[in-house]
Every structure is written in structure tokens, then in C-alpha cells.
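Okay, structure first, notes after.
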Amino acid sequence: MSNTSCESAAAPGYYQHHIFFCLNERSNGEACCARHNAQAAFDRCKAQVRAAGLAGPGKVRVNKAGCLDRCSAGPVAVVYPEGVWYSYVDADDIDEIVESHLRNGQVVERLVTPAELGR
Ligand code: FES
Numbered sequence: 001m002s003n004t005s006c007e008s009a010a011a012p013g014y015y016q017h018h019i020f021f022c023l024n025e026r027s028n029g030e031a032c033c034a035r036h037n038a039q040a041a042f043d044r045c046k047a048q049v050r051a052a053g054l055a056g057p058g059k060v061r062v063n064k065a066g067c068l069d070r071c072s073a074g075p076v077a078v079v080y081p082e083g084v085w086y087s088y089v090d091a092d093d094i095d096e097i098v099e100s101h102l103r104n105g106q107v108v109e110r111l112v113t114p115a116e117l118g119r
């Protein structure tokens, strides 16, 4: 068995920012991000990051995720390594997250998910 330390895996730098979009869809009527245009937001973010030249190692990665267990705040996305959660509404919100947070490192306070909102 390998004795690889966690240090290399935890080392900063492969991506400066990594954003995950919940795209989970539920068919039982419970709240889910897919019902709030999460796929369109994900596509928009990916396109805007690419267009801004921000995509790639050392820069930004945009990924799909399943349920992030904060469904009542949905649609949600989370940016690491900061662990900043966003509840967005439309394409303008996505553009602001890309420009402010992913490009300039400034959290978009007005879109931050309220701490008390969970599943
Ligand atoms: S369905 Fe999106 S956080 Fe649960």
C-alpha cells in the first residue's frame, strides 16, 4: 500500500478557484436545484470562464455536482478553496460571480447563501 502523504493532495495551486454547481433533479416534488435552471447556470458559468480566459490549471475549474445538501437555498454553487456558497437567480448573477469572485477574488456578498439554510 502506498504511503503517500496528504500534503501533496492538499497543496494549493492546481486550480485557483473550483466552483461546483448542484444539478440535482428530484422527481418526488421535493426542492431541487435542477428545477431552478441550474443546468443553464452551469453552462453559462463554463462559457463565461472560458471566454474570459480563466479556464485551466492554476486558474478556474467549473464542475457539475450532485445534491450539495443545501436544497432549500437552491439553486446553489460553492467555490473552493474559500468554501463560499452562492444562491443565484439568473445569468447576471453568474456573470457577477465569474467577474468578481473567479477573476478578482472578491466575494459577491449579495449572493452568499444565508448560513442557516440547509436541506
Ligand atoms: S438539490 Fe441542490 S443542494 Fe440539494
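In terms of full-length UniProt numbering, the sequence shown opens at residue 1 and continues consecutively.
Ideal Cβ placement from N, Cα and C applies to all residues, glycine included.
Rounded Cβ spacing between residue i and residue j (contact assumed at less than 8 Å)
{"i": "Val62", "j": "Phe42", "result": "7 Å"}
Backbone CA spacing between residue i and residue j [nearest angstrom]
{"i": "Ala47", "j": "Gly53", "result": "10 Å"}
{"i": "residue 120", "j": "Ile19", "result": "No answer is possible for residue 120: the residues shown for the chain start at 1 and end at 119."}
{"i": "residue 120", "j": "Gly105", "result": "What the structure shows of the chain is the stretch from 1 to 119, and residue 120 is not part of that stretch, so it cannot be assessed."}
{"i": "Leu102", "j": "Asn28", "result": "34 Å"}
{"i": "Arg110", "j": "Val98", "result": "14 Å"}
{"i": "Pro75", "j": "Ala55", "result": "23 Å"}
{"i": "Arg50", "j": "Cys71", "result": "28 Å"}
{"i": "Tyr86", "j": "Cys45", "result": "13 Å"}
{"i": "Glu116", "j": "Asp69", "result": "12 Å"}
{"i": "Cys67", "j": "Glu96", "result": "23 Å"}
Distance cut-off 7 Å: residue i Cβ against heavy atoms of ligand 1
{"i": "Cys45", "result": "no"}
{"i": "Asn24", "result": "yes"}
{"i": "Val78", "result": "no"}
{"i": "Leu68", "result": "yes"}
{"i": "Gly83", "result": "no"}
{"i": "Gly74", "result": "yes"}
Residue i vs residue j beta-carbon contact at 8 Å
{"i": "His17", "j": "Val112", "result": "no"}
{"i": "Ala77", "j": "Phe21", "result": "yes"}
{"i": "Val108", "j": "Ser100", "result": "yes"}
{"i": "Glu25", "j": "Ala34", "result": "yes"}
{"i": "residue 154", "j": "Ala65", "result": "Outside the displayed span of the chain (1 to 119) sits residue 154, for which this structure offers no information."}
{"i": "Leu23", "j": "Ala38", "result": "yes"}
{"i": "Tyr14", "j": "Pro57", "result": "yes"}
Residue environment, residue i, which counts as buried when at least 16 other CB atoms sit within 10 Å
{"i": "Gly118", "result": "exposed"}
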